[in-house]
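**Student:**
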Amino acid sequence: MNLSSTIKVSPAACRSEMILFILIFLDFDASSWTAEVPSSVSGLQGSCIVIPCSFNYPEPEKKPSKLTGTWFKNQYDYIYHPDSSNVITDYRGRTELVGDLWQKNCSLRIDRLNHSDIGPFTFRIEIEDHTKYSYINDKVSIAVSSPDPPSLSVREEVKVEEEVSASCSVFHSCPSEHPLFTWSHSGTASVHSQQLAKGHWEVTSSLNFSSTITDHNQPLICTAAYRGGKMVNSSKTLNVKCKWTTPFVLTTLFGRFTLSLLARETVNARHSIEFRGPLLNSSSIGF
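What the sequence shown shows, in mature numbering (1 follows the signal peptide of the UniProt record, and there is no 0), is residues -34 to -1, 1 to 253, in sequence order.
1. Would you say the beta carbon of proline 30 comes nearer than 8 Å to a heavy atom of the ligand HEM?
2. Below 8 Å on the Cβ atoms is my guess for leucine 10 versus serine 111; work out the distance and round it to an integer in Å.
3. Let's test the definition: count the other Cβ atoms within 10 Å of the Cβ of histidine 81 and tell me whether it reaches 16, buried, or not, exposed.
4. Are the CB atoms of glycine 153 and asparagine 174 nearer to each other than 9 Å?
5. Whose C-alpha, out of Thr88, Pro86, Gly12, Ala132, is nearest the C-alpha of serine 172?
6. Here's the rule: buried if 16 or more other CB atoms are within 10 angstroms of the residue's CB, otherwise exposed. What is leucine 162?
7. Using only the alpha-carbon positions, how far apart do aspartate 43 and glutamate 62 sit?
8. Whose CA, out of Ser51, Pro30, Val16, lies closest to the CA of arginine 78?
9. Drop a sphere of 10 angstroms on the beta-carbon of valine 157, count the other beta-carbons inside from all chains shown, and report buried for 16 or more, exposed for fewer.
10. Within the same chain, show all residues whose beta-carbon is closer than 6 Å to that of proline 18, passing over the 5 residues directly before and after it, in chain order.
11. If serine 51 and tyrosine 192 are in contact, beta carbons under 8 Å, what's the gap, nearest whole angstrom?
12. Have a look at the DSSP bridge pairing and note the partners of tryptophan 167.
13. By Cβ distance below 7 Å, which residues in the same chain neighbour glutamate 129 in space, the five residues on each side in sequence not counted?
14. Quick check: what's the CA-CA separation for valine 53 versus leucine 146?
15. I'd like the list of long-range same chain contacts for glycine 65, defined as Cβ closer than 8 Å, with 5 residues on each side in sequence excluded.
16. State the beta-bridge partners of leucine 118 as determined by DSSP.
17. On the DSSP letters alone, give me the boundaries of the beta strand (DSSP E) that arginine 90 sits inside.
18. Please determine, among Val7, Val206, Leu186, Ala155, the residue with the shortest C-alpha to C-alpha distance to serine 200.
19. Unbroken beta strand (DSSP E) runs of length 3 or more, entirely within the region 21 to 64: which are they?
20. When the Cα atoms are used, what is the spatial distance from tryptophan 167 to phenylalanine 137?
21. Since cysteine 188 is in the beta strand (DSSP E), which residue starts that stretch and which ends it?
22. Just grab the DSSP bridge partners of glutamate 129 for me.
23. Does any residue of chain C bring its CB to less than 9 Å from the CB of threonine 203?
24. Taking C-alpha atoms, which residue in Glu122, Met197, His144, Glu143 lies nearest to glutamine 184?
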């Protein structure tokens, strides 16, 4: 009796198993080629924008000696290349790779943003003595717009000599050069900036001052000036009220009565109304 047996496998089954193995291998390998970049970002005309980007790739057995990162649109029309002669004319001198490729950061800055900079744009990595890869499934587009007026917050009804706190906020896309603020009123100003999602930042200017009677019915104006010369502003009108500190007092002076109103403004001021009349028995009447 022959104890050995032979397993026969058809050629079709072999081919199927081989194809399955190749697909699994390719899927595993391709999963290492990933990029994190927003599908769209918003920027302001005339300003700059930074597109946040990070990427990953299969680690080669030997550490590469050189990494080259590029950005392109369409069929390899380079908007950024370390050799500027390869960059198309519209973007030459306006783009900069601000990320560190060795840290797998591919963030791109575009200066003097205009309405034609809509994309979509794709990042490409070239690993010397290894391979090249374009992250065509992770493209980014840009929506270019004009800045909105600032968001101005202040308590509009105040009293004389009361401390006034105002804040003025705008959004922007250029972290290295945020908008510059000016106020129509003097005081102590400070600026605070915070990063938001998808390459956006918010910057806020705060102003503190002491109100005076001359501020009444005057506009408090906040102006934000963006890189490229664009300026926007918002305003609110202050309603300043006096602080009365004494009741009305009626006094006699040589047969003439003087009605004195005392009010606190920036300085103590006395407002008088004089009239003639009969003498009163009391030298002063308060009410």
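Glycine included, every Cβ here is placed at the ideal spot set by N, Cα and C. Fair warning: this is a prediction, and the values are worked out from it, not measured in the lab.
**Tutor:** Let's see:
1. The ligand HEM is absent from the structure shown, which contains no ligand whatsoever.
2. Mapped onto the sequence shown, residue 10 falls at position 44. Mapped onto the sequence shown, residue 111 falls at position 145. With a Cβ gap of about 7 Å, leucine 10 and serine 111 count as contacting.
3. Your numbering for residue 81 matches position 115 in the sequence shown. So histidine 81 ends up on the exposed side.
4. In the sequence shown, residue 153 corresponds to position 187, counting from 1. In the sequence shown, residue 174 corresponds to position 208, counting from 1. Closer than 9 Å, so yes.
5. Along the sequence shown, read from residue 1 onward, the residue named residue 172 stands at position 206. Per the Cα distances, Ala132.
6. On the sequence shown, residue 162 is found 196 positions in, with the first residue counted as 1. With fewer than 16 Cβ atoms within 10 Å of its Cβ, leucine 162 is classed as exposed.
7. In the sequence shown, counting from the first residue as 1, residue 43 sits at position 77. In the sequence shown, counting from the first residue as 1, residue 62 sits at position 96. Between aspartate 43 and glutamate 62, the C-alpha separation is close to 16 Å.
8. In the sequence shown, the residue the question calls residue 78 occupies position 112. That would be Val16, whose Cα lies nearest to the Cα of arginine 78.
9. In the sequence shown, counting from the first residue as 1, residue 157 sits at position 191. Exposed, since its Cβ has fewer than 16 Cβ neighbours within 10 Å.
10. In the sequence shown, counting from the first residue as 1, residue 18 sits at position 52. Hits under 6 Å: Ser73, Gly165.
11. Translated into the one-based positions of the sequence shown, residue 51 becomes position 85. Translated into the one-based positions of the sequence shown, residue 192 becomes position 226. Not confirmed; about 31 Å, so no contact.
12. As a first step, residue 167 is located in the sequence shown; it is residue number 201 there, counting from the start. Looking at the DSSP assignment, tryptophan 167 forms a beta bridge with His138, Gln161.
13. For this step, residue 129 is matched to residue 163 along the sequence shown. Correct list, in chain order: Asn174, Ser176.
14. Taking the first residue of the sequence shown as position 1, residue 53 is located at position 87. Taking the first residue of the sequence shown as position 1, residue 146 is located at position 180. Looking at the two C-alpha atoms, the distance is approximately 32 Å.
15. Reading the sequence shown from its first residue, position 99 is the one you call residue 65. Correct list, in chain order: Cys19, Ser20, Gly35, Asn71, Cys72, Ser73, Leu74.
16. By one-based count along the sequence shown, residue 118 stands at place 152. Answer is Cys134.
17. Indexing the sequence shown from 1 puts residue 90 at position 124. Where arginine 90 is concerned, the enclosing beta strand (DSSP E) stretches over 88 to 93.
18. In the sequence shown, residue 200 corresponds to position 234, counting from 1. Selected option, being the one with the closest Cα: Leu186.
19. 33 to 39, 43 to 46, 61 to 63
20. Walking along the sequence shown from the start, residue 167 turns up at place 201. Walking along the sequence shown from the start, residue 137 turns up at place 171. For tryptophan 167 and phenylalanine 137, the distance between alpha carbons rounds to 6 Å.
21. Numbered from its first residue, the sequence shown carries residue 188 at position 222. Where cysteine 188 is concerned, the enclosing beta strand (DSSP E) stretches over 185 to 191.
22. Looking up residue 129 in the sequence shown gives position 163. In DSSP, glutamate 129 forms a bridge with Ser176.
23. No chain C appears in the structure shown, which is made up of a single protein chain.
24. To locate residue 184, count along the sequence shown from 1; it is residue 218. When each option's Cα is compared against that of glutamine 184, the closest is Glu122.
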